[in-house]
Amino acid sequence: MARNPCSDKDPGTRHTRVPRWRTRVLSGHNGFVTSATQVSNAPARTLPNRPSMVSVGTMVWLTSELMFFAGLFAMFFTLRSSRPELWAERSGELDIFLATVITVVLVASSVTAQFGVFAAERHQPRRTGGLLSVARWGMVEWYILSFIMGAIFIAGQTYEFAVLVTHGVTISADAFGSAFYITTGFHGLHVVAGLVAFLFVIARAYFSVKFTHKEASAAVVVSYYWHFVDVVWIALFGVVYILPGLI
Numbered sequence: 005m006a007r008n009p010c011s012d013k014d015p016g017t018r019h020t021r022v023p024r025w026r027t028r029v030l031s032g033h034n035g036f037v038t039s040a041t042q043v044s045n046a047p048a049r050t051l052p053n054r055p056s057m058v059s060v061g062t063m064v065w066l067t068s069e070l071m072f073f074a075g076l077f078a079m080f081f082t083l084r085s086s087r088p089e090l091w092a093e094r095s096g097e098l099d100i101f102l103a104t105v106i107t108v109v110l111v112a113s114s115v116t117a118q119f120g121v122f123a124a125e126r127h128q129p130r131r132t133g134g135l136l137s138v139a140r141w142g143m144v145e146w147y148i149l150s151f152i153m154g155a156i157f158i159a160g161q162t163y164e165f166a167v168l169v170t171h172g173v174t175i176s177a178d179a180f181g182s183a184f185y186i187t188t189g190f191h192g193l194h195v196v197a198g199l200v201a202f203l204f205v206i207a208r209a210y211f212s213v214k215f216t217h218k219e220a221s222a223a224v225v226v227s228y229y230w231h232f233v234d235v236v237w238i239a240l241f242g243v244v245y246i247l248p249g250l251i
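If you read the sequence shown in the working numbering, its first letter stands for residue 5, the second for the next number, and so on.
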């Protein structure tokens, strides 16, 4: 018995019904008239169920960024192990309270960014109610709030840097200063890049005539980056601010 090639279905593919037309010959008043009718049980055409290439590319890039920060953590621990007494002395100069406050703000901005993703996924770029009706906010409003929170984080970090410099903790002063400013400074640059990405997505949604899948995908990709920046900071906060007081 011949095998039907359409009987085997690849579980990794998505099947789309393709209409098939059957021609019938009818007898008309002056002869024959052909009529085409659509048959619903047509053979299926398979389409690959592939993930978004933009999302895949973003994940690959974030993996490389993770390796970069892993190198910074390795540098931090190496320098700390070589001068533990210096770390014990200099860690007392850090403003743990301010660092805790801006950490909470940054983590909260990740939550608001995710609400913006939810709005983008339902193709709601702008709010549908009053400004105080948070439940009706769109992607733009949530991302503006996330941008403000990220800017507060950068302002708090800049203020701490300025205070530490007045206390003699500079990047060239000693190993602690070098490790502290390099790790937290590079993270701060990544936060600034995230703020620029927020502005780009907000402007794109604001000036677009129609909010399409491309605008929604851009919003989702920016949220991936922002969540990554938040997770890295949580690790930095634990290593730089909390760990010295425990060891």
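Just so you know, even glycine gets a beta-carbon here, dropped at the ideal spot from N, CA and C.
Straight-line spacing of the CA atoms in Gly61 and Trp91 works out to 39 Å. Gly120 carries a helical assignment under DSSP once its states are collapsed to helix, strand and coil. Shown here, Gln161 sits in a helix according to DSSP, grouped into three states.
Per DSSP, Lys218 is one residue of the alpha helix (DSSP H) stretching across His217 to Leu240. At least 9 Å separates the beta-carbon of Phe190 from that of Phe77. Taking a C-beta distance under 9 Å as the contact criterion, Leu203 and Phe151 qualify as a contact pair.
Nearest C-alpha to Met153 among Val105, Ala207, Leu66 and Leu70: Val105. With 16 or more other Cβ atoms from the protein chains shown falling within 10 Å of its own Cβ, His194 counts as buried. Using a Cβ distance threshold of 9 Å, Gln128 and Gly142 count as a contacting pair. Contact check between the segment 119 to 126 and the segment 231 to 240: fewer than three CB pairs, one atom from each, fall below 8 Å, which does not count as touching. Here the C-alpha atom of Val205 lies approximately 41 Å from the C-alpha atom of Asp178. DSSP places Arg126 in the coil class of the three-state scheme, outside both helix and strand. In the DSSP assignment, Val243 falls outside any alpha helix (DSSP H) and carries neither an H nor an E. Relative to the Cα of Val224, the nearest Cα in the group Ala103, Pro88, Ser114 and Thr67 belongs to Ser114. Using a 10 angstroms sphere on the CB of Ser227, the tally of other CB atoms reaches 16 or more, which defines it as buried. In this structure, the straight-line span from the alpha carbon of Thr188 to that of Met63 is close to 23 Å.
When the Cα atoms are used, Ser56 and Ser221 turn out to be separated by approximately 9 Å. Taking every protein chain shown into account, the CB of Phe184 has 16 or more other CB atoms within 10 angstroms, so this residue is buried.
Within the same chain, Cβ atoms closer than 8 Å to the Cβ of Ser86 are found at Ala179, the five residues on either side in sequence being excluded. Taking 9 Å as the cut-off, the beta carbon of Val236 is found no closer than this to the beta carbon of Phe80.
The continuous alpha helix (DSSP H) containing Thr67 extends over residues Met57 to Ser86. In the three-state scheme derived from DSSP, where H, G and I count as helix and E and B as strand, Arg140 is classed as helix.
Per DSSP, Ser95 is not a residue of any alpha helix (DSSP H), being assigned neither H nor E. Within the same chain, Gly154, Tyr229, Trp230 and Val233 come within 7 Å of Gly198 by CB-CB distance, once the 5 residues on both sides are set aside.
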